[in-house]
Amino acid sequence: MPELPEVETTFRAISDFKGKIIKSSKVNNPNLRWKVDSNFESIVKDVRIEDIERRAKYIIFSFKKYSMLLHLGMSGSLRISDKSDNYFKKHDHVELIFNNKKITYNDPRRFGSIHLTEKLDAHFLIKNLGIEPLDKKFDAVYLNNICKNSKTSIKSLIMNQKNVVGIGNIYASESLYMAKINPLRSANNIELSECKTLVKNIKDVLKRAIKVGGTTLKDFYSADGSAGYFKFKLKVYGRENEKCFGCNEKISKVVQNQRATYYCKSCQS
DNA sequence: CGAAAAACCTGGCAGC
DNA sequence: TGCTGCCAGGTTTTTC
């Protein structure tokens, strides 16, 4: 899935649908991570979008009564088209139809989800989420306090959405590389000063990625379907055996929690 | 309890 | 051209 920058990019691309009315919706295939509510089409009909926001890797549409909670999983995307456009792609699960436009939710791997809820804050997917990485509250002291009590690896700690949201597999590797911290290190050995560097680099990496519209990888399309945005230049992810930009040593790849981790053994200690 | 592994899926690509 | 096996931006659920 898109990580935070890709979700943010998607969110921004659809944000001017705020205030618009969804005339009708269509569930072509309800099978996602969880089945789409069987009442979806009857609820999402002639409803005004009061607000659209991003929380963690979720995009939330607020209607008068319900909220629609949308997650893109690993391979989900939204695309905007004209209402009259009948182009249908495989894995187009749900369509939101407006006066002139249409937003289509596509997800080949079905790891994404769409929920309707009347009590958003109490929703099981939302209620245990940690703080936003770009929030001021995410600082060195906060991170250090979590690290102290955890002997899991620092990489898995920053990817745990209960601690801080939005950091996925790519940006975890990138941030740790920038901070020169070995991803395999136990969190409780990370010093306050290192937390400071790491927090700074997490924010930097995410902000830079948002600025260029997310990382272009094969499963991610911008919401308007255009493929032509700039690519976030990855410094370590996916570069196994290639030269480290810092020291010319070869980048290593290890598997951590069933996920690929890339790092430089020489620069990251 | 916390941490690790399995599970949920499809598609693309390398190698034979 | 197939076929097989492996890999992929996530995170809940199950197991140890």
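Just so we're on the same page, this note's numbering is the position in the first sequence counted from 1, plus 1205. Yeah, the Cβ is synthetic: ideal placement off N, Cα and C, and Gly gets one too. It should be emphasised that the depicted structure is a prediction, and the values quoted were computed from it without experimental measurement.
About 28 angstroms separates the CB atoms of Lys1332 and Asn1311; that is not less than 8 angstroms, and the two are not in contact. Nearest neighbour of Gly1278 by Cα position, chosen from Glu1379, Glu1208 and Tyr1347, turns out to be Glu1208. Comparing alpha carbon positions, the residue from Ser1380, Ser1243, Phe1222 and Lys1470 closest to Val1232 is Ser1243. Following the DSSP letters along the chain, one finds Asp1409 inside the alpha helix (DSSP H) bounded by residues Leu1397 to Lys1416. With 16 or more other CB atoms across the displayed protein chains lying within 10 angstroms of its CB, Tyr1468 is buried.
The C-alpha of Ile1308 is placed about 40 angstroms away from the C-alpha of Thr1402.
Excluding five sequence positions before and after Glu1255, the CB atoms of its chain that fall closer than 6 angstroms to its own CB belong to Ser1267, given in chain order.
Here the alpha carbons of Ile1359 and Leu1274 stand approximately 29 angstroms from one another. Taking 8 angstroms as the upper bound for CB-CB distance, Pro1388 and Leu1397 are not in contact here, some 19 angstroms apart.
In the DSSP assignment, Asn1311 falls outside any alpha helix (DSSP H) and lies within the beta strand (DSSP E) extending over Lys1306 to Asn1311. Look at Glu1258 here: in three-state DSSP terms it is strand. DSSP places Tyr1382 outside any beta strand (DSSP E); the residue lies instead in the alpha helix (DSSP H), whose first and last residues are Asn1374 to Met1383. Per DSSP, the unbroken alpha helix (DSSP H) holding Lys1360 starts and ends at Ile1359 to Met1364. Under DSSP, Arg1464 forms a beta bridge with Gln1461. Rounded to whole angstroms, the separation of the alpha carbons of Ile1386 and Glu1399 is 8 angstroms. When the alpha-carbon of Thr1214 is set against those of Asn1234, Ala1261 and Pro1235, the nearest one is in Ala1261.
Restricting attention to Lys1367, Ile1363 and Ile1319, the CA atom closest to the CA of Ile1395 is found in Ile1363. By the criterion of a C-beta distance shorter than 6 angstroms, Val1459 is surrounded in its chain by Thr1466, once the five residues flanking it on both sides are discounted. Secondary-structure assignment with DSSP links Ser1247 through no beta bridge to anything. If you compare the alpha carbons of Thr1322, Arg1390, Ser1391 and Asp1409 with that of Met1383, the shortest gap goes to Asp1409. In the structure shown, Asp1287 falls within a strand segment according to DSSP collapsed to helix, strand and coil. Membership of Tyr1347 in the alpha helix (DSSP H) is indicated by the continuous run Ala1345 to Lys1353.
Under the DSSP assignment, Glu1211 falls outside any beta strand (DSSP E), being part of the alpha helix (DSSP H) whose first and last residues are Leu1209 to Ile1219. Ranked by Cα distance from Ser1230, the first of Asp1251, Tyr1271 and Leu1301 is Leu1301. For Leu1325, the three-state secondary structure derived from DSSP is helix. At the C-beta level, Phe1216 and Arg1259 come within 8 angstroms of one another. Beta bridge pairing from DSSP links Tyr1263 with Arg1260 and His1276. According to the DSSP assignment, Leu1301 belongs to the beta strand (DSSP E) that extends over Asp1297 to Ile1302. Excluding its 5 nearest sequence neighbours in each direction, Leu1321 has C-beta neighbours in its own chain below 8 angstroms: Asp1242, Asn1244, Phe1245, Ile1248, Val1249, Tyr1271, Ser1272, Met1273 and Leu1274, listed in chain order.
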